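>
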Amino acid sequence: MFGPVEFILAGVLVGFCVGITGVGGGSLMTPILISLFRIEPHIAIGTDLLYAAISKFCGSLVHAKKLNIVWPIVLWLALGSVPASFVTHWVLENYLSGSTHYKAILTMVLGFMLTLTGLSIMFRARIEKFFAKFREDQHDFQEVNNFNIQGKRVYVVLMGIVLGVFVTLSSVGAGAFGVMALILMFPNLPMIRIIGSDVVHAVLLTSVAGFAHMTSGNVDFQLLGWLLVGSIPAIIVGTLISSKMPEKMIRKVLGITLFALGINFILNPVKSKPVEKPQAVMVTQTVQQQQV
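The numbers in our numbering rise by one with no breaks, and the one at position 212 of the sequence shown is 224.
(1) Given Gly123, which residues of its chain have a CB within under 6 Å of its CB, disregarding the five upstream and five downstream residues?
(2) I'd like the list of long-range same chain contacts for Leu240, defined as Cβ closer than 8 Å, with 5 residues on each side in sequence excluded.
(3) Exposed or buried, Ile20, counting other C-beta atoms within 10 Å across all chains shown (16 or more means buried)?
(4) By Cβ distance below 7 Å, which residues in the same chain neighbour Ile195 in space, the five residues on each side in sequence not counted?
(5) How about the stretch 86-98 and the stretch 164-177: do they share at least three Cβ pairs that are nearer than 8 Å?
(6) Which runs of the alpha helix (DSSP H), 4 residues or longer, sit entirely within the stretch 189-231?
(7) Identify every run of the beta strand (DSSP E) within the stretch 78-136, keeping only runs that are complete inside it and at least 3 residues long; order them along the chain.
(8) Which whole-angstrom value is the C-beta distance of Thr129 and Gly185, which I expect to be below 8 Å?
(9) Looking at the structure shown, is Val174 part of a helix, part of a strand, or coil, going by DSSP?
(10) When you compare only the Cα positions, how much space is there between Thr251 and Ala272?
(11) Closer than 7 Å to a non-hydrogen atom of the ligand ZN - does that hold for the CB of Leu239?
(12) Spatial neighbours of Ser209 within its chain, please: C-beta separation below 6 Å, excluding the five flanking residues on both sides.
(13) May I have the straight-line CA-CA distance separating Asp149 from Ile44, to the nearest angstrom?
(14) Name the two residues that bound the continuous alpha helix (DSSP H) containing Val17.
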């Protein structure tokens, strides 16, 4: 039986990884809760969504203060992701929550997103280097208000829809996967503004998806509290010492770990326990009545 100490230590581990590498929050916390602590997938996903929203909020304030946020990108992403999140949760609640395949679907989608996230973390440097060839040095984008996404709005909204669906189903993808998508669409945009815009959108999306899961009773607030107690100080410490840590090595280990966990969830999804047959209950009641 696991208690507060174990949950706090899990928060410390995840928070430390987030502080050093900037990634790994939602993508690392959910598989830990499911695989190590045996938390039900829908509870782990719902709790992790609110955990991600709270833990990323402080980072979003820093990016806002430093003017690293491209608001048109955030708004058009949200235009697709927020409605998609509500629709996805509605389908889950009304059509899949009572199915015996409910947990298997959630864990398989989680595995798929973990696999993509792991690959994006492992090969992020190569991807950034490749798209750096297409960056135009004469465009410094110092004035955020001058940035115009006209002509790419449809693609941004579609990406928002994809993120809204998969983040609501798995709690994974708003960070690393979102960054990779924005790099593909805006190769001329400085990386710090891609990250800043993605963090703010992630806060918005995980908050919406987390509150939706909360209305269905999929959030364990006691567990959430212990995770935050461990992770928030660890994020601060990890950020302060990040310059002295082998970030590339940690990223590689993190990416390989997430990729392996993703494959495991795809091949071995969590299955629901068989439901007891109501006939057995009726037979018992009949016997009791005969005895009376």
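All residues carry an ideal CB built from backbone N, CA and C; glycine is no exception. Model, not experiment: these values are computed from the prediction.
Considering the structure as presented:
(1) Gly274, Phe277 and Ile278
(2) Gly23, Tyr63, Ile66 and Ser67
(3) buried
(4) Ile139, Glu140, Phe143 and Ile206
(5) yes
(6) 203-227
(7) none
(8) 7 Å
(9) helix
(10) 26 Å
(11) Annotation note on the ligand ZN: not contained in the displayed structure, which lists no ligands.
(12) Ile81, Val82, Ile85 and Val86
(13) Per-residue confidence for Asp149 stands at a pLDDT of 49, beneath the threshold of 50, marking its modelled position as unreliable; the derived number appears in the next sentence. Rounded to whole angstroms, Asp149 to Ile44 spans 42 Å at the Cα level.
(14) Pro16 to Thr33
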